[in-house]
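> Have a look at this one before I ask anything.
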Amino acid sequence: MSAAGKSATITLDGKTAELPLLSGTLGPDVADIRKIVGQLGVFTFDPGYGETASCESKITFIDGDEGVLLHRGYPIAGLAEGATFPEIAYLLLYGELPTRRQNDEFVKTLTTHTLLHEQIRNFFNGFRRDAHPMAIICGTVGALSAFYHDGIDISNAASRDLSAVRLIAKIPTIAAWAYKYTQGEPFVYPRNDLTYAENFLSMMFARPSEPYVVSPILARAMDRILILHADHEQNASTSTVRLAGSTGANPFACIAAGIAALWGPAHGGANEAVLTMLADIGHKDNIPAFIEKVKDKTSGVRLMGFGHRVYKNFDPRAKIMQATCHEVLGELGITDDPLLELAVELERIAIEDEYFVQRKLYPNVDFYSGIILKAMGIPTSMFTVLFAVARTAGWIAQWKEMIEEPGQRIGRPRQLYTGAPVREFVPLDQREGAKMKVSEDMS
Ligand code: CMC
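Quick note, the working numbering runs 13 ahead of the 1-based positions in the sequence shown.
Below is the structure:
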């Protein structure tokens, strides 16, 4: 961050505040409002934080108008094409792509941390059989903090790194076991001879009673899905992780907070919602009526998998996801998937429709990811869980960056208060209507 040498000026009641403009490497300059309250006595108002840079970061850059997504400067397309998920996790955490030696060491470290403490198995039994796996992973990741006391010294760099590795390594095991638990199947332990993506598929689908061979096609697709979801700047769940972390809370608790924020259908729950929506539409012939419903603001219906707070152009991840979707279905021999046909037609109609054009609503990453995951045999309830597995790398990298920032402070937004002005306390028996209410209740 450097001062752009320019400033913006706000004048209020004869008082003037100079807001220095700060320049990043890419993206628009940012007006520094930190002194505005002292100089003018007013707060700024930005519900939803759409116009607010909440932090300085070197990890991920998005240009929403151009449809650009960079991790540490590298465009997402090249990373998804040429790297593996552990390489991306390393890049997010440490700022550079690993050398061969660094990669081997990092993969080995991750691999040796995939097991869970045996007592963690007991947590699963506390959940109802039909619990949503997001509820299970949210609780279990939070509970990890009870097992790794040595990882809770957030002022120690080695300790922070160890927590990061533990989280990235263990989250697939927790996720797969959450699924196995809801299926009533035995937990499958991680295998050190498999890659990160293969291991996750093995823990999801292997059974002790028969050999399981991981399909290289599915493993590559899984790896790519993990890469595409690994980090995405200061989105709702990442901002939640940063806010929780700013209090000094331990990283396991912070990631559990991020998982909770990811769960909602406006965020990570969208790919699950896309499939529900496609099932509700049912047939291509019903698309026009559905689009009309979406455009009718009183219906409360949205086209799930469309639109993004930042992208006002194609989400670059959606393009890769669309290509991967065709690849996976092709390689699995699924040539006439009705859901895919429906999705392609829905996308075609929507991107030509004036409503979506005017509002710059394009397909986002979730529009196609659900279809791929379904084809791979991943149940719908696990879609958001998979997103959480991938995003753990980004969350913990962002948490680490925040903790390592000099002068890091607790996050504490202010508000525009519109409640009652000061009023005098009235004791219970003197409140209007109190007597009548009591006698009604007693009758
Ligand atoms: N369908 C229909 N209308 C929409 C949609 C949609 N999916 N998204 C936005 N709009 C309309 C919205 O009604 C508003 O119209 P108007 O200006 O007439 O009031 C306008 O577009 C702007 O919408 P907004 O709600 O101000 O936009 P936002 O930036 O607050 O919301 C969003 C972003 C992602 C929550 C929203 O586009 C949405 O709900 N999309 C569907 C859910 C979805 O696919 N979410 C996944 C996001 S990508 C994965 C991730 O990174 O988490």
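Positions of the beta carbon are idealized from the N, C-alpha and C atoms, including for glycine.
Three-state secondary structure (DSSP) at D76?
Within the sequence shown, residue 76 is the residue found at index 63, counting from 1. Strand.
> Would you grab the beta carbon distance between I150 and A191 for me? Rounded to a whole angstrom, and I think it's under 8 Å.
As a working mapping, residue 150 is identified with position 137 in the sequence shown. As a working mapping, residue 191 is identified with position 178 in the sequence shown. Confirmed, about 5 Å.
> Going by alpha carbons, who is nearest to S20 out of Y375, D26, S36 and A144?
As a first step, residue 20 is located in the sequence shown; it is residue number 7 there, counting from the start. Out of Y375, D26, S36 and A144, S36 has the C-alpha closest to the C-alpha of S20.
> Three-state secondary structure (DSSP) at V43?
What you label residue 43 is simply residue 30 of the sequence shown in a count that begins at 1. Strand, per DSSP.
> Rounded to a whole number of angstroms, what is the C-alpha to C-alpha distance between V178 and L123?
Translated into positions along the sequence shown, residue 178 becomes position 165. Translated into positions along the sequence shown, residue 123 becomes position 110. Each residue's Cα considered, the two are about 6 Å apart.
> Excluding the 5 residues flanking S456 on each side, which residues of the same chain have their C-beta closer than 8 Å to its C-beta?
Start at 1 with the first residue of the sequence shown, and residue 456 comes out as number 443. Low confidence applies to S456: its pLDDT is 46, below 50, so where it sits in the model is not reliable enough to give any reading.
> Taking the beta carbon of S168 as the centre, do at least 16 other beta carbons fall within 10 Å, making it buried, or is it exposed?
On the sequence shown, residue 168 is found 155 positions in, with the first residue counted as 1. Result: exposed.
> Restricting to Cα atoms, I'd like to know which of N135, V370 and C267 is closest to G407.
As a first step, residue 407 must be located in the sequence shown, where it is residue number 394. Measuring from the Cα of G407, the nearest candidate turns out to be C267.
> List the endpoints of the continuous beta strand (DSSP E) containing T29.
By one-based count along the sequence shown, residue 29 stands at place 16. Looking at the DSSP string, the run of the beta strand (DSSP E) that includes T29 is K28 to S36.
> Measure how close the beta-carbons of Y375 and D328 come, nearest whole angstrom, since I'm counting them as under 8 Å.
The residue you call residue 375 lines up with position 362 of the sequence shown. The residue you call residue 328 lines up with position 315 of the sequence shown. Indeed, because the Cβ distance is near 6 Å, the residues count as touching under 8 Å.
> Please indicate yes or no: does the CB of H296 lie closer than 7 Å to some heavy atom of the ligand CMC?
Within the sequence shown, the letter at position 283 stands for residue 296. No, Cβ of H296 sits at least 7 Å from all heavy atoms of the ligand CMC.
> Which residues share a DSSP beta bridge with E223?
Start at 1 with the first residue of the sequence shown, and residue 223 comes out as number 210. Looking at the DSSP assignment, E223 forms a beta bridge with R220.
> Do the region 115-130 and the region 397-415 touch if we need at least three Cβ pairs shorter than 8 Å?
The region 115-130 vs the region 397-415: no contact.
> When the Cβ atoms of the region 192-204 are set against those of the region 134-146, are three or more pairs found closer than 8 Å?
Judged by Cβ distances under 8 Å, the region 192-204 makes contact with the region 134-146, as three or more pairs qualify.
> When every heavy atom of the ligand CMC is checked, does at least one fall within less than 7 Å of the C-beta of N377?
Here residue 377 is taken as the residue at index 364 of the sequence shown, counted from 1. Correct: N377 has its Cβ closer than 7 Å to the ligand CMC.
> When you compare the CB positions of G86 and Y324, do they come within less than 8 Å of one another, or not?
Reading the sequence shown from its first residue, position 73 is the one you call residue 86. Reading the sequence shown from its first residue, position 311 is the one you call residue 324. No.
> Report all residues from its chain with a CB closer than 6 Å to the CB of K308; omit the five preceding and five following residues, and keep chain order.
Sequence index remark: in the sequence shown, residue 308 carries index 295 (1-based). If we look at K308 and ignore the five residues flanking it on each side, its Cβ neighbours are Y368.
> Can you grab the Cα-Cα spacing for the pair D206 / F213, in whole Å?
Reading the sequence shown from its first residue, position 193 is the one you call residue 206. Reading the sequence shown from its first residue, position 200 is the one you call residue 213. Answer to the nearest angstrom: the Cα atoms are 12 Å apart.
> Is any heavy atom in the ligand CMC found nearer than 7 Å to the beta carbon of L316?
Taking the first residue of the sequence shown as 1, we reach residue 316 at position 303. True, at least one ligand heavy atom lies under 7 Å from that Cβ.
> Of all the options A279, I46 and P221, which has the alpha carbon lying nearest to the alpha carbon of D379?
The sequence position of residue 379 within the sequence shown is 366, counting from 1. Selected option, being the one with the closest Cα: A279.
> Taking 7 Å as the cut-off, is the C-beta of V307 nearer than that to any heavy atom in the ligand CMC?
Within the sequence shown, numbered from 1, the residue matching residue 307 stands at position 294. Yes.
> What's the C-alpha gap between D45 and Y107?
Indexing the sequence shown from 1 puts residue 45 at position 32. Indexing the sequence shown from 1 puts residue 107 at position 94. Distance between the alpha carbons of D45 and Y107: 28 Å.
> Let me know the secondary structure DSSP gives V201 once reduced to three states.
One-based indexing of the sequence shown puts residue 201 at position 188. If DSSP states are grouped into helix, strand and coil, V201 belongs with coil.
> Between which two residues does the beta strand (DSSP E) carrying H242 extend?
The count along the sequence shown starts at 1 and reaches residue 242 at position 229. Where H242 is concerned, there is no enclosing beta strand (DSSP E), given that its DSSP letter is neither H nor E.
> Shorter than 7 Å, the distance from the beta carbon of F2 to the closest heavy atom of the ligand CMC, or not?
Examination of residue 2 is not possible in this model, given that the chain is present from 14 through 456 alone.
> Are there 16 or more other CB atoms within 10 angstroms of the CB of Q371, so buried, or fewer, so exposed?
Working through the sequence shown from its first residue, we reach residue 371 at position 358. Exposed.
> Could you tell me which of A249, P351 and E223 sits nearest to Y62, measuring between CA atoms?
Counted from its first residue, the sequence shown places residue 62 at position 49. Minimum Cα distance to Y62 is reached at A249.
> Given this structure, state the Cα-to-Cα distance separating L256 from D442, to the nearest angstrom.
Along the sequence shown, one-based indexing puts residue 256 at 243. Along the sequence shown, one-based indexing puts residue 442 at 429. Their backbone Cα atoms lie some 42 Å apart in a straight line.
> Grab me the residues of A219's own chain with a C-beta within less than 7 Å of its C-beta, minus the 5 sequence neighbours each way, in chain order.
Along the sequence shown, one-based indexing puts residue 219 at 206. For A219, where only same-chain residues beyond five positions count, the Cβ hits under 7 Å are V201 and Y225.
> Kindly indicate which three-state DSSP category E81 falls into: helix, strand or coil?
For this step, residue 81 is matched to residue 68 along the sequence shown. Residue identity differs from the one stated: residue 81 is Val in this sequence, not Glu. Reduced to three states, the DSSP call for V81 is strand.
> Are there 16 or more other CB atoms within 10 angstroms of the CB of A274, so buried, or fewer, so exposed?
For the purposes of this step, residue 274 is taken as residue 261 along the sequence shown, with counting starting at 1. Result: buried.
> Taking 8 Å as the cut-off, decide whether the C-beta atoms of A93 and I333 are in contact.
The sequence position of residue 93 within the sequence shown is 80, counting from 1. The sequence position of residue 333 within the sequence shown is 320, counting from 1. Yes, these two residues count as a Cβ contact at 8 Å.
> To the nearest angstrom, report how far apart A234 and V341 are at their CA atoms.
The residue you call residue 234 lines up with position 221 of the sequence shown. The residue you call residue 341 lines up with position 328 of the sequence shown. Each residue's alpha carbon lies about 7 Å from the other.
> Whole angstroms is fine: what's the gap from M317's alpha carbon to A283's?
If you number the sequence shown from 1, residue 317 lands on position 304. If you number the sequence shown from 1, residue 283 lands on position 270. Distance between the alpha carbons of M317 and A283: 6 Å.
> Should P203 and L157 be called a contact, given that it needs their Cβ atoms to be closer than 8 Å?
Here residue 203 is taken as the residue at index 190 of the sequence shown, counted from 1. Here residue 157 is taken as the residue at index 144 of the sequence shown, counted from 1. Against a cut-off of 8 Å, the Cβ pair of L157 and P203 comes out as no contact.
> Quick one: what does DSSP say F369 is sitting in, helix, strand or coil?
Taking the sequence shown and counting its residues from 1, the one referred to as residue 369 is at position 356. Helix.
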